[in-house]
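Mature numbering (1 follows the signal peptide of the UniProt record, and there is no 0) puts the sequence shown at residues -30 to -1, 1 to 498. Worksheet: the structure to be examined is printed underneath.
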Amino acid sequence: MAKDPLMTLPQRRLTTRTAIALLAAAPVSALLVVGTPLTTASADTAACSALEDPIHERVKSSTDQTLLTQWGGEADGAMTHYGFDDSWGSPFEASIHEREGLVELVRLWHPRTGNFVWIQAGGEVDTAVAKYGYIRSGSPFYAAANGGEGCIEVHRLLKGTMHAFAAGDFERARLESEGWTYEKVAFYAAPGEDFVADGAAAAPSPQPVPVPTPEPEPEPEPDADSTFTVAVIPDTQTWVGTRDPRWSGLTSWLAENADDLDLEFVMHSGDVVNWGWLDQSQYDVASEATDILAEADIPFVLSIGNHDTRAVGVGGSAYINSGECEARLGADACHTSKLLRATQEFNENFTAEDFGGVDGAFEAGKVDNVYSTFSAGGKDWMVLSLEYNPRAEAVAWAQDVVESHPEHNVLLSTHYYLSWDGSIHGGAVGNNATNGRYVYDQLVSKYPNISMVFSGHIGSSATRTDTGAQGNTVAAILNNDVTGNKANGVTLVTIDAATGETTTRIYAPSNDTHYSQYDYDVTLDLVG
């Protein structure tokens, strides 16, 4: 299936968050009725007070296409990779959160034209998808349907096959003077940092982001530090008792020693909780622990394990065999293939914003499959997290992400990849899922920039080294539940980006022990 190309651009959280984007194609004008007001079940005239997420506007001058987004990375990437050459700052603010009095707008993408449109949730979205071939893409945003104190009108205009949005009447008049035809008030928002009020002095012409003249690359400093660390937390399903100190003890140690470690990122192999969807206290313990990382400005990601889904019931057994599944969830939901994708409670407790550095997601509003990027040691890196026994379409999404970041070295985290003996998991997994072998064949082995794979699920330690189709070295590591019930061991992966030399060791802060029998060294073939 074709994918929205902008979904592969970095979507890094800024101070506040929301999402609006529009690149309209000809079929869109047939979908939207000019002059038709937005509707909502309940109108809140003070709704704009809840709109605090800045929207960044970028324009492609050659086509009049407009991008409005909350993601700084997406805005920058659109200019770097997709020809958007004018920056108009942040003209208005909306909300990523659903609130009374706000309407939901859905981001759609057309695979043939490559254009985007945001349409109020409802019949118009269904028509766009069914009749005009649009695909739902990206996170929704929420704006006010009615004006009120603190609100500004956001107008929609048309020129040829393109649409533009104007925050306020002054901007509307400017666009009309340039040949745009006014259609209607699309929604109401709060004025942004770069909003030009009615009657204000003329707004400056948008200036392209300057492209500096390339200068010769300086020789690297002889003592430049090219070494850094990422930490991989094992399955913590047994660490979530309300009196268990291991989770918070580990993250406190990581935060306190982040500078000494040159710690850039924290990963988690999955099974964050045990049966947390039935026991909120387990999520409370996990949240308290990860909040410590967030407060220390350490980005992290939690991969989805089977215990993080509704497939696991009280005591850790299969919920489908509990005798209460159908009564609680209904007969249609009580199939293992569906329960393994039921991650509602996980996503209620952990969001992309909580992780602190998510750049893109497979599904809007979910963290089951996400990626993050960072720079360290003079190179660019990506942490790609895939769900437990990922669906084929999630793997296809991951292919697109990796392909679009050829200069990023990829560290993949997925709950079940290696078996206890170091072989790649290839067992039958049923419907709506693949296995480790599929992930290797379709993703890991194909791309020269995939460097390492981390997994859990199996209570064992194992490593393996494979050679990808492009001749690159791929290291896979399983370190899970090897330090005993009372210890909180974490895998510390130290990478020298200049040489590719990589070492891993397990250390448990709770008993100040280095488990040297699990040390592993490998030299990676890095890109960039």
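Yeah, the Cβ is synthetic: ideal placement off N, Cα and C, and Gly gets one too.
- Note: W223 is not bridge-paired with any residue in the DSSP secondary-structure output.
- In the structure shown, S480 adopts coil according to DSSP, grouped into three states.
- Distance from the Cα of N449 is smallest, within the candidate group V166, P204 and G103, for P204.
- As DSSP reads the structure, V365 sits in no beta bridge.
- CA-CA distance, V166 to A137, rounds to 8 angstroms.
- Taking the CA atoms as reference points, A432 sits about 50 angstroms from T36.
- Its chain contains S(-2), W150, T151 and E153 as the residues whose beta carbon lies nearer than 7 angstroms to that of L128, once the 5 sequence neighbours on both sides are disregarded; these appear in chain order.
- Per the C-alpha coordinates, the member of D96, V29 and T208 positioned closest to T50 is V29.
- Comparing alpha-carbon positions, the option among T321, S32 and I290 lying closest to Y253 turns out to be T321.
- R213 counts as exposed, since fewer than 16 other C-beta atoms from the protein chains shown sit within 10 angstroms of its C-beta.
- With contact defined as three or more Cβ pairs closer than 8 angstroms, the stretch 293 to 301 and the stretch 228 to 237 are not in contact.
- The C-beta of N291 has fewer than 16 other C-beta atoms within 10 Å across all chains shown, which makes the residue exposed.
- Assigned with DSSP and collapsed to three states, V497 falls in coil, not helix or strand.
- With distances taken between CA atoms, E163 lies nearest to E27 out of R434, S389, D482 and E27.
- In terms of Cβ geometry, A478 and G459 form a close pair [threshold 8 angstroms].
- Remark: three or more beta-carbon pairs, one from each stretch, lie closer than 8 angstroms, so the stretch 302 to 310 and the stretch 278 to 292 are flagged as touching.
- In its chain, beyond the 5 residues on either side, S307, K308, L310, R311 and R361 have a beta carbon closer than 8 angstroms to the beta carbon of N402.
- Separation of the CB atoms of L381 and M422 is rounded to 5 angstroms, and the pair is thereby assigned contact status at 8 angstroms.
- Annotated three-state conformation of D466 is strand, per DSSP.
- Taking 8 angstroms as the upper bound for CB-CB distance, T464 and T199 are in contact here, some 5 angstroms apart.
- Leaving aside the five residues that flank D338 on each side, the residues in its chain whose CB is nearer than 6 angstroms to its CB run, in chain order, I274, T313 and E357.
- DSSP places E471 in the strand class (E or B) of the three-state scheme.
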